[in-house]
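Down below is the structure, laid out as structure tokens.
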Amino acid sequence: MKVTFPHMGNQYVGTKVLLEEVGLDVIVPVDCSKETLNIGTKYSPESICLPLKINIGNFVESINEGANTIVMIGSCGPCRFGYYSILQNEILKEMGHEDVEIILLDAPQGNFKGLLDSIYKLTKTKNPYKIINALVKATRVLYQIDDLEDLMYYKRPRQKNIGEADLYYDELHKKIRGVRGYREVSRLIKETKEKILRIEEDPGREVLRVGLIGEIYTILEPSVNVYIEKKLGEMGVEIEKSLRLSHWITEHLFLNPLNITMDSKIRKEAKPYLKTMIGGHARETIGYGIHYAKRGFDGLIQVYPFTCMPEIVAQSIMPQVEKEYDIPYLCLIVDEMTGEAGFNTRLEAFVDLLGKRKEMKVS
Amino acid sequence: MKNCYLGIDVGSVSTNVVLMDDNNNIMGKVYTKTQGKPIDAIQRGMKEIKTAIKEEIKVKGVGTTGSGRQLAAMIVGADVVKNEITAHGIAALNFVDGVRTILEIGGQDSKIILLKNNVISDFAMNTVCAAGTGSFLDRQASRLDIAIQDFGKMALLSKNPVRIAGRCAVFAESDMIHKQQLGHNQEDIIKGLCDALVRNFLNNLGKGKEIVGPIVFQGGVAANVGIKQSFEEALGQEVLVPPHHDVMGAIGCCLLAREHAAKGHLTEFKGFDIINSGYNVKGIECQDCANLCEVIEIVQDGQIMARWGDKCGKWNSLVKKKEKLA
Numbered sequence: 001m002k003v004t005f006p007h008m009g010n011q012y013v014g015t016k017v018l019l020e021e022v023g024l025d026v027i028v029p030v031d032c033s034k035e036t037l038n039i040g041t042k043y044s045p046e047s048i049c050l051p052l053k054i055n056i057g058n059f060v061e062s063i064n065e066g067a068n069t070i071v072m073i074g075s076c077g078p079c080r081f082g083y084y085s086i087l088q089n090e091i092l093k094e095m096g097h098e099d100v101e102i103i104l105l106d107a108p109q110g111n112f113k114g115l116l117d118s119i120y121k122l123t124k125t126k127n128p129y130k131i132i133n134a135l136v137k138a139t140r141v142l143y144q145i146d147d148l149e150d151l152m153y154y155k156r157p158r159q160k161n162i163g164e165a166d167l168y169y170d171e172l173h174k175k176i177r178g179v180r181g182y183r184e185v186s187r188l189i190k191e192t193k194e195k196i197l198r199i200e201e202d203p204g205r206e207v208l209r210v211g212l213i214g215e216i217y218t219i220l221e222p223s224v225n226v227y228i229e230k231k232l233g234e235m236g237v238e239i240e241k242s243l244r245l246s247h248w249i250t251e252h253l254f255l256n257p258l259n260i261t262m263d264s265k266i267r268k269e270a271k272p273y274l275k276t277m278i279g280g281h282a283r284e285t286i287g288y289g290i291h292y293a294k295r296g297f298d299g300l301i302q303v304y305p306f307t308c309m310p311e312i313v314a315q316s317i318m319p320q321v322e323k324e325y326d327i328p329y330l331c332l333i334v335d336e337m338t339g340e341a342g343f344n345t346r347l348e349a350f351v352d353l354l355g356k357r358k359e360m361k362v363s
Numbered sequence: 001m002k003n004c005y006l007g008i009d010v011g012s013v014s015t016n017v018v019l020m021d022d023n024n025n026i027m028g029k030v031y032t033k034t035q036g037k038p039i040d041a042i043q044r045g046m047k048e049i050k051t052a053i054k055e056e057i058k059v060k061g062v063g064t065t066g067s068g069r070q071l072a073a074m075i076v077g078a079d080v081v082k083n084e085i086t087a088h089g090i091a092a093l094n095f096v097d098g099v100r101t102i103l104e105i106g107g108q109d110s111k112i113i114l115l116k117n118n119v120i121s122d123f124a125m126n127t128v129c130a131a132g133t134g135s136f137l138d139r140q141a142s143r144l145d146i147a148i149q150d151f152g153k154m155a156l157l158s159k160n161p162v163r164i165a166g167r168c169a170v171f172a173e174s175d176m177i178h179k180q181q182l183g184h185n186q187e188d189i190i191k192g193l194c195d196a197l198v199r200n201f202l203n204n205l206g207k208g209k210e211i212v213g214p215i216v217f218q219g220g221v222a223a224n225v226g227i228k229q230s231f232e233e234a235l236g237q238e239v240l241v242p243p244h245h246d247v248m249g250a251i252g253c254c255l256l257a258r259e260h261a262a263k264g265h266l267t268e269f270k271g272f273d274i275i276n277s278g279y280n281v282k283g284i285e286c287q288d289c290a291n292l293c294e295v296i297e298i299v300q301d302g303q304i305m306a307r308w309g310d311k312c313g314k315w316n317s318l319v320k321k322k323e324k325l326a
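These protein sequence lines are chains A and B, in that order.
With the UniProt record's numbering, you'll find the first sequence wraps up at 363, consecutive numbering, no jumps.
With the UniProt record's numbering, you'll find the second sequence wraps up at 326, consecutive numbering, no jumps.
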């Protein structure tokens, strides 16, 4: 059995460790590229949101490398993601990949047996110690990589030689593919972190702070958001993301079913604007927007895939937040038609605006 | 010897070059079609400027903007490379002090820029769709067999405008054809079209934004008096169109270049000789990783000037290293 899974930013690091620690053969899909999107666009429904298209591309590219099993996560929110695994199964069947099996790890809505069965099927073991041990290691590695990402957000706008931090960061990702298991991956992350920490900073740099909000896939996967964090970083902007992987995993797979979530504070912030759960992360988008505004951020950027219903609702609410909290807000919508030149223009203009605003406030 | 500043705006539809002196007087302006060949358009524009200027000049700074700003900057050796929003904002401020709203419709992009205390405070650009209002009007004018210059004037003659669905150019066009077949006269249809485009602009870009006067309308489409009048009716305020409304981006670049030079920076300008150089652009697909980046290579008279488009920076730095060796 050769297992593969879809990409979502740095999630692959955690998933790779998880699957390798239970002793499986893993095929990490090649980095998302234009080709990935081309495959996805060709075989997916035209008006479906972008993440599904990328997922299909990932699957096909991995199957071509010999994968025969796909692990997919489910969701119980009323957003299209909940329907992904079913649709993807149909698409793959239609393409002639009938022998490829999709194992769905769905958040257990009170039904823990279903989840356990899927896990047993995947791991071919009923030894709970082995599974829990792998889970713990994977979660730990996710926190490590998120930690490293935080450091990147901090270093990018401050590094003396622009692009230096990304040199080490890209190198890390290349190396991770070549090693196996928790210990090796964790060691690589630690090494890279030390290298990045040593990068020389320019103390005179004016750094702006921007909160990145929006749909989780588009803010986590750099190939989809046209490398927005790198671009912003090199323009002198330190970012913070509303949704993070480590956080999402603990929240959705472990805490949500038990009804204890960490995001209740954020939801309270969003409540005056949006009272109820409408699926996806609309409440988080608004809530974090307010949260960042209160913490004195210079601006907010929302990114979401074209036709994403919950984010459209959030987008229509954001101008009100922008007005009431006096914080500039920019919305970027991505899909396979996204032109990079237009994207850059908007980002540049927004950063210009934030810089001028800050100057005015200071003087 | 007169000190001058050069501003170049390379858009998808038009390329504009403006030469401005120290007192913000426009000494020469060129508005030329890009026609998918930005390098040719830049060279053509520079040539026209050069032949139009008779006195001795010294270029003290160069600015570029528009979607082809990087390319233009590389070719002419620019000091300032700025996005269209900032360039347009600066230019409008220079013409109407205290301007609060800028409506800008070009060939492909439409934008709204809001200012407060002479500083850009908010902006919006068409997000999902490349509105292409300018190109769309061109097309409709030729379909109705009216010169684009007269298109706006005809709208002013309308007494009974028809309502046209303006959500999207595709719908607008089919609705227009439908209205023609119902027998409406041309003036009313054109007026209806202007109203529809303005309605669409205000709904898509202006939503949630407070539009306060003075309002400046610029970009190529500002030449269309029909659209100007529709804006005035929709906003209930006077809309000002600056005299050089079609080259405001390039003017903004001149002003930015002037500011840059005033800070004591020397220009990187390569001189007007570049109009005689031969340029080639080569696209190569880098096969080194799965990203398959399309790397663009600019070649001037057989020598590689710049490379860009790669995500990892490998090709970019290759050129820089060569420069250091030489």
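Note that beta-carbon positions come from the ideal geometry of N, C-alpha and C, so glycine has one too.
Remember, it's a predicted structure, so these values are computed and weren't measured experimentally.
Check your understanding: Going by DSSP, what residues sit across from Asp9/B in a beta bridge?
Key -> Numbered from 1 along the second sequence, position 9 holds the residue referred to as residue 9/B. Beta-bridge pairing links Asp9/B to Asn16/B and Thr65/B.
| query | From what residue to what residue does the alpha helix (DSSP H) around Leu210/A run? | reply | The residue you call residue 210/A lines up with position 210 of the first sequence. The amino acid occupying residue 210/A in the given sequence is Val; Leu does not appear at that position. First-last for Val210/A: Leu208 to Gly214, but that is the beta strand (DSSP E), not the alpha helix (DSSP H).
* Check Asn161/A in the structure and name its three-state DSSP category. => Translated into the one-based positions of the first sequence, residue 161/A becomes position 161. Three-state result, Asn161/A: coil.
What residue from Met95/A, Ser75/A, Ser47/A and Tyr120/A has the CA that sits closest to Gly23/A's CA? Taking the first residue of the first sequence as position 1, residue 23/A is located at position 23. Considering only alpha carbons, the answer is Tyr120/A.
query = Would you report the Cα separation of Ser12/B and Gly106/B, rounded to the nearest angstrom?
reply = One-based indexing of the second sequence puts residue 12/B at position 12. One-based indexing of the second sequence puts residue 106/B at position 106. Distance between the alpha carbons of Ser12/B and Gly106/B is about 9 Å.
DSSP three-state assignment for Lys33/B, whether helix, strand or coil: As a first step, residue 33/B must be located in the second sequence, where it is residue number 33. DSSP places Lys33/B in strand when its eight states are reduced to three.
* To do: Please say whether Ile103/A and Ser85/A have beta carbons closer to each other than 7 Å?
  => In the first sequence, residue 85/A corresponds to position 85, counting from 1. In the first sequence, residue 103/A corresponds to position 103, counting from 1. Their beta carbons are not under 7 Å apart, which means Ser85/A does not touch Ile103/A by this criterion.
- Message: Counting only beta-carbon separations shorter than 7 Å, does Asp99/A have a partner in chain B?
- Response: In the first sequence, residue 99/A corresponds to position 99, counting from 1. No, Asp99/A does not count as interfacial toward chain B.
- prompt: Below 7 Å between beta carbons: does that hold for Cys254/B and Met20/B?
  reply: What you label residue 254/B is simply residue 254 of the second sequence in a count that begins at 1. What you label residue 20/B is simply residue 20 of the second sequence in a count that begins at 1. Yes; because the gap between Cβ atoms is below 7 Å, this pair is in contact.
Quick check on this structure: which residue in Lys358/A, Ile162/A, Leu135/A and Gly66/A has the alpha carbon closest to the alpha carbon of Glu234/A?
Position 234 of the first sequence, counted from the start, is the residue given in the question as residue 234/A. Of the candidates Lys358/A, Ile162/A, Leu135/A and Gly66/A, the one whose C-alpha sits nearest the C-alpha of Glu234/A is Ile162/A.
inquiry  = Using the three-state DSSP reduction, which class does Ala78/B fall into: helix, strand or coil?
reply    = Numbered from its first residue, the second sequence carries residue 78/B at position 78. Three-state result, Ala78/B: coil.
Is Thr4/A helix, strand or coil when you go by DSSP?
Numbered from its first residue, the first sequence carries residue 4/A at position 4. The answer is strand: DSSP assigns Thr4/A an E or B state.
Notebook entry, point to check: Should Leu197/A go down as buried or exposed, given a rule of 16 or more other Cβ atoms within 10 Å for buried?
Noted result: Within the first sequence, the letter at position 197 stands for residue 197/A. Leu197/A is exposed by the Cβ-count criterion.
Original post:
Going along chain B in order, which residues have a C-beta closer than 7 Å to the C-beta of Met360/A?
Top reply: Start at 1 with the first residue of the first sequence, and residue 360/A comes out as number 360. Per Cβ cutoff of 7 Å: Val119.
Margin query: Let me check one thing: in DSSP terms, what residues is Lys2/B bridge-paired to?
Written below: Counted from its first residue, the second sequence places residue 2/B at position 2. DSSP, once it has assigned bridges, lists Ile57/B as partnering Lys2/B.
Subject >> Thr51/B vs Ile8/B beta-carbon contact at 7 Å >> reply: Here residue 51/B is taken as the residue at index 51 of the second sequence, counted from 1. Here residue 8/B is taken as the residue at index 8 of the second sequence, counted from 1. Going by C-beta atoms, Thr51/B is not nearer than 7 Å to Ile8/B.
- prompt: From the beta carbon of Ser135/B, is the nearest beta carbon of chain A less than 7 Å away?
  reply: Locating residue 135/B in the second sequence gives position 135, counting from the first residue. Residue contact check for Ser135/B against chain A: no CB pair falls below 7 Å.
**Asked** In chain order, what residues of the region 286 to 300 of chain B put their CB closer than 8 Å to some CB of chain A?
**Response** Cys289, Ala290, Asn291 and Leu292
| Span separating the alpha-carbon of Ala326/B from that of Gly264/B | The residue given as residue 326/B occupies position 326 in the second sequence. The residue given as residue 264/B occupies position 264 in the second sequence. The predicted position of Ala326/B is uncertain, since its pLDDT is 37 and thus under 50; no value can be drawn from it.
Requested in this report: Within its chain, find whatever has a CB closer than 6 Å to the CB of Thr181/A; leave out the 5 residues flanking it on each side and keep chain order.
Outcome: On the first sequence, position 181 is the one that residue 181/A refers to. Looking at the sequence shown, residue 181/A is not Thr but Gly. Taken in chain order, the residues that qualify are Glu20.
| said: Quick check on the DSSP output: what are the complete alpha helix (DSSP H) runs of length 4 or more inside the region 79 to 158 of chain B, in order along the chain? | reply: 84 to 95, 133 to 143 and 148 to 156
What is the DSSP secondary structure of Gly114/A, counted as helix, strand or coil? Here residue 114/A refers to the residue found at position 114 when the first sequence is read from its first residue. Residue state, collapsed to three classes: helix.
Roughly how many angstroms separate the alpha carbons of Met309/A and Cys79/A, rounded to a whole number? Here residue 309/A is taken as the residue at index 309 of the first sequence, counted from 1. Here residue 79/A is taken as the residue at index 79 of the first sequence, counted from 1. If you take the alpha carbons of Met309/A and Cys79/A, they lie about 8 Å apart.
**Item:** Near-chain B residues of the region 35 to 63 of chain A (beta-carbon distance less than 7 Å), N- to C-terminal order
**Value:** Glu35
Checklist entry - Where does Thr250/A sit, in a helix, a strand or coil, going by DSSP? => result For the purposes of this step, residue 250/A is taken as residue 250 along the first sequence, with counting starting at 1. Correct three-state label for Thr250/A: helix.
ask   = How close, in whole Å, do the beta carbons of Ile70/A and Thr4/A come, if the pair is a contact with beta carbons under 8 Å?
value = For the purposes of this step, residue 70/A is taken as residue 70 along the first sequence, with counting starting at 1. For the purposes of this step, residue 4/A is taken as residue 4 along the first sequence, with counting starting at 1. That belief holds up - the Cβ atoms of Ile70/A and Thr4/A are roughly 6 Å apart, short of 8 Å.
For this session: Check Asn203/B in the structure and name its three-state DSSP category.
Result: Reading the second sequence from its first residue, position 203 is the one you call residue 203/B. Helix at Asn203/B.
Quiz prompt | Within 7 Å of chain A by C-beta, residues of the region 60 to 94 of chain B in sequence order | solution = Along the region 60 to 94 of chain B, the positions whose C-beta sits under 7 Å from a C-beta of chain A are Ser67, Asn83, Glu84, Ile85 and Thr86, read in chain order.
*asked:* With a threshold of 8 Å, are at least 3 pairs of Cβ atoms found where one atom belongs to the region 24 to 37 of chain A and the other to the region 216 to 234 of chain A?
replied: yes
Review point. Between the region 204 to 216 of chain B and chain A, which residues of the former have a C-beta closer than 8 Å to a C-beta of the latter?
Key: Lys207, Gly208 and Lys209
Check: Using a Cβ-Cβ distance under 7 Å, would Gly163/A count as near chain B?
Finding: Here residue 163/A is taken as the residue at index 163 of the first sequence, counted from 1. Closer than 7 Å to some Cβ of chain B, the Cβ of Gly163/A qualifies, so yes.
Next on the checklist: Counting only C-beta atoms, is Ala341/A closer than 7 Å to chain B at any point?
Outcome noted: Taking the first residue of the first sequence as position 1, residue 341/A is located at position 341. Closer than 7 Å: yes.
Through-space distance from Leu353/A to Pro305/A, alpha-carbon basis: Translated into the one-based positions of the first sequence, residue 305/A becomes position 305. Translated into the one-based positions of the first sequence, residue 353/A becomes position 353. Distance between the alpha carbons of Pro305/A and Leu353/A: 25 Å.
Problem - Buried versus exposed, by CB contacts within 10 Å (16 or more), Lys82/B - result: Taking the first residue of the second sequence as position 1, residue 82/B is located at position 82. So Lys82/B ends up on the buried side.
query: Counting contacts by CB-CB distance shorter than 7 Å, is Glu348/A in contact with chain B?
result: Taking the first residue of the first sequence as 1, we reach residue 348/A at position 348. Chain B has a Cβ within less than 7 Å of the Cβ of Glu348/A.
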